[in-house]
Structures are given as C-alpha cells and as structure tokens.
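K.L.:
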Amino acid sequence: MTVLVTGAAGFIGSHTVERLLSRRDEEGRGEDVIGLDNFDDFYAPERKRRNLEEAARHQQRPGQFEFVQGDVRDRALLARLFEQHSFRAVIHLAARVGMGASIENPWPYYDVNVTGTLNLLEAVRSQPEVRHVQGKRANFVFASTALVYGRTEVIPFVETDPADRPLAPYPASKRAAELLGHTYHHLHGIDFTSVRFFTVYGPRGRPEMIAYKVLNSAFGGEPVPYHNEGQMHRDWTFVDDIVSGILAAADHRLGYEVFNLGRGEPVLLADFVETLQFVAGRNARLQPVPMPASDVRYTYAGIDKAQRVLGYHPRISFEEGIQRFYSWYMQHVQPAGPAAGA
Ligand SMILES: NC(=O)c1ccc[n+]([C@@H]2O[C@H](COP(=O)([O-])OP(=O)(O)OC[C@H]3O[C@@H](n4cnc5c(N)ncnc54)[C@H](O)[C@@H]3O)[C@@H](O)[C@H]2O)c1
Numbered sequence: 008m009t010v011l012v013t014g015a016a017g018f019i020g021s022h023t024v025e026r027l028l029s030r031r032d033e034e035g036r037g038e039d040v041i042g043l044d045n046f047d048d049f050y051a052p053e054r055k056r057r058n059l060e061e062a063a064r065h066q067q068r069p070g071q072f073e074f075v076q077g078d079v080r081d082r083a084l085l086a087r088l089f090e091q092h093s094f095r096a097v098i099h100l101a102a103r104v105g106m107g108a109s110i111e112n113p114w115p116y117y118d119v120n121v122t123g124t125l126n127l128l129e130a131v132r133s134q135p136e137v138r139h140v141q142g143k144r145a146n147f148v149f150a151s152t153a154l155v156y157g158r159t160e161v162i163p164f165v166e167t168d169p170a171d172r173p174l175a176p177y178p179a180s181k182r183a184a185e186l187l188g189h190t191y192h193h194l195h196g197i198d199f200t201s202v203r204f205f206t207v208y209g210p211r212g213r214p215e216m217i218a219y220k221v222l223n224s225a226f227g228g229e230p231v232p233y234h235n236e237g238q239m240h241r242d243w244t245f246v247d248d249i250v251s252g253i254l255a256a257a258d259h260r261l262g263y264e265v266f267n268l269g270r271g272e273p274v275l276l277a278d279f280v281e282t283l284q285f286v287a288g289r290n291a292r293l294q295p296v297p298m299p300a301s302d303v304r305y306t307y308a309g310i311d312k313a314q315r316v317l318g319y320h321p322r323i324s325f326e327e328g329i330q331r332f333y334s335w336y337m338q339h340v341q342p343a344g345p346a347a348g349a
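Numbering (our numbering), first residue to last: 8 to 349.
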C-alpha cells in the first residue's frame with residue numbers, strides 16, 4: 008500500500024516519512040511512500056533537502072520512497088499522482104506556516120492552505136476507482152493547529168469548542184480547510200481527520216521557532232524577541248509524539264473527526280527557555296517585547312479524545328525533548344554557525 012505525504016521535506020513531514028518507511032505493515036514490509044514538497048523558501052530549501060535525505064535513509068528496500076518536487080496548487084500534477092498510485096492515505100502537511108508572516112502577507116496562506124487543501128480533496132474525490140484501496144478512497148489526514156482556538160476560555164482546549172475566532176490569517180486558513188474537509192466528507196463520503204498540533208519541537212525544527220532561536224542566540228547569534236517576559240504557557244509537544252498521532256489517524260477510518268495532538272501539560276515559556284539555557288550551559292540574549300495582538304497566553308491540549316479513539320499517548324517529557332533537541336542542534340546546526348539554515 009502507498010501513503011502520500013505532502014510537505015514531506017519539512018520538519019514534521021520528514022519525521023512522518025521516516026516513521027512510515029521504518030515501520031512494518033501486516034505483511035512484514037514497510038509501506039511505499041510518495042513525498043511531495045515544493046521546497047518553499049519560508050526557510051532554507053537546503054535544510055529541507057537534508058531533512059529528506061535523512062528520512063530516505065530509513066527505506067527498508069530500494070524504491071520504497073519516491074520524492075516528487077511539486078506544488079499542492081498544481082492540480083494537473085495531483086491528478087497525475089492519483090492516476091499513477093493507489094493511495095490508502097493522504098497525510099497533508101504542506102502549508103504556509105507562521106502567525107506573524109501571515110499578517111504581513113496573507114495571500115499565500117490562502118492559496119496554499121485553503122486552495123491547496125481543496126485541490127487535494129478534489130484529487131481524492133476524483134481518485135480513479137481502480138486506484139481505490141479495499142474499495143475506498145484515500146483516508147485524508149489534515150495538519151491543523153491549536154491556534155484555531157484563538158483566546159478560548161475553555162481550558163484545556165477541547166475539540167467541541169467552535170474554534171470560530173482565530174486571531175490571524177494563518178489559523179483562519181487552517182480552520183477554513185477543516186471546514187472544507189467536513190464538506191467533502193458530507194458530500195462525497197471522504198474520510199477526513201484533522202489533527203490539531205500544539206507547539207511541536209524537536210530535531211529538524213524550523214529555524215524561526217523559539218527553541219532554535221534561543222540556541223542560535225546562545226551561540227553568538229541575534230537576540231531573541233521574548234514575548235511578555237516568557238509569562239505565557241505552551242503545550243510543547245515532541246515531534247515523535249506528534250508523528251505517532253498522525254500515523255494513528257492515518258490508520259483509522261473515522262468519517263469526519265478532529266483531534267488535539269498535544270502533550271496535555273503546558274509549560275511556562277520562561278521555564279522552557281531556562282531549561283534550554285541550562286542544558287546548553289549558556290544564556291541567550293533575550294529581548295523583552297510585548298505580546299502581539301495575534302498571540303495567546305495559553306495553549307493547553309485536552310487529549311482525552313485522542314487517547315480514547317486513536318490510542319495516542321505522548322511519551323517524551325519536555326526535559327527529555329529539550330535534551331534531544333539540543334543534541335541534534337549541536338550535531339547539525341552549531342558546527343556551521345548560528346545563521347546556518349535560517
Ligand atoms: N510545527 C508546529 O509547531 C506546528 C503546529 C501546528 C500545526 N503545524 C502544521 O504542521 C504542518 C507541518 O509543519 P512544519 O512545522 O513541519 O513546517 P515546515 O515548514 O517545516 O513544513 C511544511 C512543508 O510544506 C512545504 N510546502 C509549503 N508550501 C507548499 C506547496 N504549495 N506545495 C508543496 N509543499 C509545500 C514546505 O516546503 C515545507 O517543507 C503544517 O501544515 C503546519 O501548519 C505545525
């Protein structure tokens with residue numbers, strides 16, 4: 008069987024590809040994986056190529072993984088892929104990411120996150136019947152975000168919250184794509200599961216994320232804008248746990264469902280940064296800035312539903328996660344200097 012992973016060269020995408028290639032299916036062999044990514048320039052494409060190389064090393068046999076450089080906005084390309092392959096699942100991680108950048112320039116967020124998702128939903132809807140797996144169209148797993156909850160007062164965040172007050176174009180685009188998923192489920196019977204990630208970090212993390220910036224600064228790089236003096240909580244979730252949740256969603260056919268994938272244990276940003284500095288044995292230059300209007304004081308995942316339905320159990324404590332992130336950074340980023348890959 009074959010799984011399509013969009014955004015395969017990215018942070019979470021490359022870990023997802025790696026895990027799919029490494030695990031064994033019922034027949035004792037790993038599944039085939041097609042990875043799609045356009046190497047967008049939100050951060051260095053060179054970093055993404057390295058992510059892909061590292062993930063592809065986990066193939067169990069030659070040809071198990073195929074990479075296609077292409078864009079989810081290219082409908083003809085998607086049609087070709089769905090004619091050529093029998094996808095049992097689509098794991099759709101490709102996106103324009105970032106809150107601040109989406110306020111500056113919202114258009115690509117809608118083109119990629121909304122229209123791109125629509126294109127993929129259409130490709131699944133039009134999947135030729137000979138390409139159905141066990142009589143079914145591909146199971147659609149969509150990467151959403153905790154930011155769809157905006158400043159909800161329901162804490163921990165639960166999936167029954169209407170999530171209808173996003174604070175920036177990025178989460179609004181993700182919520183819009185979830186709604187399209189519901190429409191395609193309703194009209195065409197497509198299985199669509201949205202997984203809402205809570206502050207993911209770990210090896211291959213994106214250079215603009217706080218953990219990365221703190222280490223860059225600690226090793227001589229730029230000062231780090233430090234929102235609200237670190238007085239905000241984030242439900243940091245290690246990338247391996249997120250990938251477990253993604254694969255569980257891809258392995259279950261659930262109609263239309265939404266799940267929070269977090270750790271369920273928010274940590275104060277100030278504590279996260281302090282622990283990272285302690286592990287590094289160095290301090291970053293933290294530059295206090297007020298909290299932007301698009302930001303929230305709290306993210307806190309209610310994960311009961313994911314635990315019950317998907318068997319999702321996050322395992323990596325934030326101390327261990329920080330240690331692992333630090334080891335990766337020292338091996339892969341620090342030798343090239345703090346600006347590498349930014
Ligand atoms: N990292 C987090 O904390 C977090 C939190 C919530 C949600 N998410 C979601 O998880 C997914 C993966 O995020 P990530 O952190 O790995 O980011 P990332 O930027 O590392 O990965 C996204 C990948 O998508 C690719 N891409 C962008 N536009 C594309 C297009 N038009 N066609 C094909 N590929 C395209 C990029 O080149 C990149 O490799 C995204 O959908 C993101 O919105 C991430």
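For each residue, glycine too, the CB sits at the ideal point set by N, CA and C.
1) Out of Ala308, Arg304, Val10, which one is the CA nearest neighbour of histidine 234?
2) How would you call tryptophan 114, buried or exposed, if buried means at least 16 neighbouring beta carbons within 10 angstroms?
3) Excluding the 5 residues preceding and the 5 following proline 169 in the sequence, name in chain order all residues of the same chain whose CB lies nearer than 8 Å to its CB.
4) How far does the beta strand (DSSP E) with aspartate 39 in it reach, from first residue to last?
5) For my contact list, valine 5 and isoleucine 98 are in at a C-beta cut-off of 8 Å; report their separation, rounded to the angstrom.
6) Just to confirm the assignment, what range does the alpha helix (DSSP H) spanning tyrosine 336 have?
7) Buried or exposed for proline 210, going by 16 or more other Cβ atoms inside 10 Å?
8) For isoleucine 217 and valine 340, what's the separation of their Cα atoms in angstroms?
9) Between the alpha carbons of proline 178 and glycine 188, how many angstroms are there, rounded?
10) Return the residue from the list Ala308, Val79, Ala62, Gly212 that minimises the CA-CA distance to glutamine 71.
11) Whole angstroms are fine: how far does the CA of arginine 289 sit from the CA of threonine 124?
12) When the Cα of valine 265 is compared with those of Arg30, Gln314, Glu90, Val12, which residue comes out closest?
13) Counting only the same chain and skipping the five closest in sequence on each side, list residues whose C-beta sits under 6 Å from that of glutamate 7.
14) Assuming alanine 287 contacts alanine 343 under a Cβ cut-off of 8 Å, what Cβ separation, rounded to an integer in Å, is found between them?
15) What residue range does the beta strand (DSSP E) around isoleucine 98 cover?
16) According to DSSP, is glutamate 166 helix, strand or coil?
P.N.:
According to the structure shown:
1) Within the sequence shown, residue 234 is the residue found at index 227, counting from 1. Closest by alpha carbon: Arg304.
2) Locating residue 114 in the sequence shown gives position 107, counting from the first residue. So tryptophan 114 ends up on the exposed side.
3) For this step, residue 169 is matched to residue 162 along the sequence shown. None.
4) In the sequence shown, the residue the question calls residue 39 occupies position 32. Under the DSSP assignment, aspartate 39 falls in the beta strand (DSSP E) whose first and last residues are 39 to 44.
5) The requested residue 5 does not occur in the structure, where the chain is confined to residues 8 to 349.
6) Residue mapping note: residue 336 aligns to position 329 of the sequence shown, counting from 1. For tyrosine 336, the enclosing alpha helix (DSSP H) has its first and last residue at 325 to 339.
7) Counting from 1 along the sequence shown, the entry for residue 210 is found at position 203. Burial of proline 210 is indicated by the presence of at least 16 other C-beta atoms within 10 angstroms of its C-beta.
8) Taking the first residue of the sequence shown as 1, we reach residue 217 at position 210. Taking the first residue of the sequence shown as 1, we reach residue 340 at position 333. Taking the straight line from one Cα to the other gives about 15 Å.
9) Residue 178 sits at position 171 when you count from the first residue of the sequence shown. Residue 188 sits at position 181 when you count from the first residue of the sequence shown. Those two C-alpha atoms are separated by around 15 Å.
10) Walking along the sequence shown from the start, residue 71 turns up at place 64. The shortest C-alpha separation from glutamine 71 is found at Ala62.
11) By 1-based counting over the sequence shown, the position of residue 124 is 117. By 1-based counting over the sequence shown, the position of residue 289 is 282. One C-alpha to the other measures close to 42 Å.
12) The count along the sequence shown starts at 1 and reaches residue 265 at position 258. The residue among Arg30, Gln314, Glu90, Val12 with its C-alpha nearest the C-alpha of valine 265 is Gln314.
13) There is no way to answer for residue 7, as the model of the chain reaches only from 8 to 349.
14) Here residue 287 is taken as the residue at index 280 of the sequence shown, counted from 1. Here residue 343 is taken as the residue at index 336 of the sequence shown, counted from 1. 17 Å between Cβ atoms; not a contact.
15) Stepping through the sequence shown from its first residue, residue 98 is reached at position 91. Going by DSSP, isoleucine 98 is part of the beta strand (DSSP E) stretching over 94 to 99.
16) For this step, residue 166 is matched to residue 159 along the sequence shown. It is coil, neither helix nor strand.
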